[in-house]
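Here is the structure we will look at, set down as structure tokens.
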Amino acid sequence: MSRIILPQVFKATLPSTINQIVIIGFYEVLASDAAAFGTAERGIATEEVNIFIGILFFVFSHSLSRYGTNL
Numbered sequence: 466m467s468r469i470i471l472p473q474v475f476k477a478t479l480p481s482t483i484n485q486i487v488i489i490g491f492y493e494v495l496a497s498d499a500a501a502f503g504t505a506e507r508g509i510a511t512e513e514v515n516i517f518i519g520i521l522f523f524v525f526s527h528s529l530s531r532y533g534t535n536l
């Protein structure tokens with residue numbers, strides 16, 4: 466019982482690690498979005514860019530979550 470089999474550890478901890486990556490990634494995307502639009506010109510279409518970023522983030526996080534639950 467004192468030996469740890471590495472593949473079993475990955476399989477047990479990967480879903481929670483993926484959840485943390487998704488949560489941290491969400492705040493990082495929002496921070497980079499705010500920084501980009503804070504220095505950008507006012508003529509930029511911010512709503513369209515925000516929607517595009519949201520769709521990309523949803524696709525990325527949804528695929529990671531599905532991968533984590535299918536293990």
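Numbering (the working numbering), first residue to last: 466 to 536. All C-beta atoms, glycine included, are put in the ideal place defined by N, C-alpha and C.
Asked                                                                                                                            : Found
Inspect the CB distances between the segment 481-494 and the segment 520-530 and report whether three or more fall short of 8 Å. : yes
Specify the secondary structure class of arginine 468 as computed by DSSP and reduced to three states.                           : coil
Assuming leucine 479 and glycine 533 make a contact with CB atoms under 8 Å, what is their CB distance in whole Å?               : 6 Å
Is it the case that the Cβ atoms of phenylalanine 502 and threonine 511 are separated by a distance below 7 Å?                   : yes
As a quick exercise: from Ser530, Ser481 and Gly519, pick the residue whose alpha carbon is nearest that of serine 497.          : Gly519
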